[in-house]
Structure formats: structure tokens, C-alpha cells
Amino acid sequence: VGIDFDEKMCKISKDNLKENNFKSKVINQNYDYMLQIKDHFDGIVTDLPYGTASKVSEPPQKLMQNFVSKIPQGKKFAIMCKKGLDSNLKIKLTKKYEIYRHKSLTRMILIK
Numbered sequence: 003v004g005i006d007f008d009e010k011m012c013k014i015s016k017d018n019l020k021e022n023n024f025k026s027k028v029i030n031q032n033y034d035y036m037l038q039i040k041d042h043f044d045g046i047v048t049d050l051p052y053g054t055a056s057k058v059s060e061p062p063q064k065l066m067q068n069f070v071s072k073i074p075q076g077k078k079f080a081i082m083c084k085k086g087l088d089s090n091l092k093i094k095l096t097k098k099y100e101i102y103r104h105k106s107l108t109r110m111i112l113i114k
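So the mapping is simple: the working numbering equals the position in the sequence shown, first residue as 1, plus 2.
Written as C-alpha cells, this is what we have:
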């Protein structure tokens, strides 16, 4: 199951999955929707928007905090984000990886 608030990204995801013969369901909703389907998944993998091309109205730090607060208790997750967006999170991570991309971007992978 995939969830994205951007209808265009949902279409791209569906096309890519179909092209690679994956059976899936892509839903055009915001991240609050995961609370409605929490009994139907074990974990979450996401690359939250944070750059200037992002189509979100919230600042990236607030988006990260809101998203993490909505993850159902006991669920595992892997979140990719820009370095620094994890600085105020009040969660215990299992692992944390840094991926240097270029001088103005280091990405983080946060695992729980």
C-alpha cells in the first residue's frame, strides 16, 4: 500500500509498479490516513518532502514532527529526510544513517 497526498505522484507510482509487475494499491490521501489502516501494515517507509520544490504548506521540521506523532504505536519505520530534520524528535531510533549527497545536502535514514 502506498499513500501520497500528491495525485500526480500517485499516478507515477502506479505506473512504475505496474511496469515492474508489482501488485499494489496506491492511495491519494495525506498521512493521517495511516491511522485508518493501521491494522493492515507492519511498517512505514517514506521520503518526506523537504526541499524548495515540495508541494507542502508546513515547514519541513513541523511536517516531520507531525508525521512521526501519527505513526501508530508499535509500528516500525524507515524515514529518509534531510539532515537536521530529526534533531527535535523525541523517539528512540534503532539505527541512523547519513548519506552525503553534495555540499548542501546530507540525507538521513532513520530506523525504528
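For every residue, glycine included, the Cβ atom is placed at its ideal position computed from N, Cα and C.
Can you tell me where the alpha helix (DSSP H) with residue i in it begins and where it stops?
i: D17; result: E9 to E21
Skipping 5 residues on each side, what residues in its chain have a beta carbon closer than 6 Å to that of residue i?
i: K40; result: P74
i: K16; result: V28
i: F7; result: N32
i: T48; result: I81
i: G4; result: S15 and V28
Looking at the unbroken beta strand (DSSP E) that takes in residue i, where does it start and where does it end?
i: K97; result: K97 to H104
i: L112; result: L107 to I113
Just list the residues that DSSP pairs residue i with in beta bridges.
i: G45; result: K78
i: L65; result: Looking at the DSSP assignment, L65 forms no beta bridge with any residue, so it has no partner.
i: I39; result: Partner(s): none; I39 has no beta bridge.
i: I29; result: I5
i: K84; result: R109
Keeping to the same chain, check which residues put their C-beta closer than 8 Å to that of residue i; ignore five residues upstream and five downstream.
i: N90; result: Q63 and Q67
i: K20; result: none
Under a Cβ-count criterion, where at least 16 other Cβ atoms within 10 Å of its own Cβ denotes burial, should residue i be classed as buried or exposed?
i: D1; result: Here the chain comprises residues numbered 3 to 114, so residue 1 is not present and cannot be evaluated.
- request: Give a yes or no on contact between the segment 28-43 and the segment 60-79, applying the rule of three or more CB pairs nearer than 8 Å.
  value: yes
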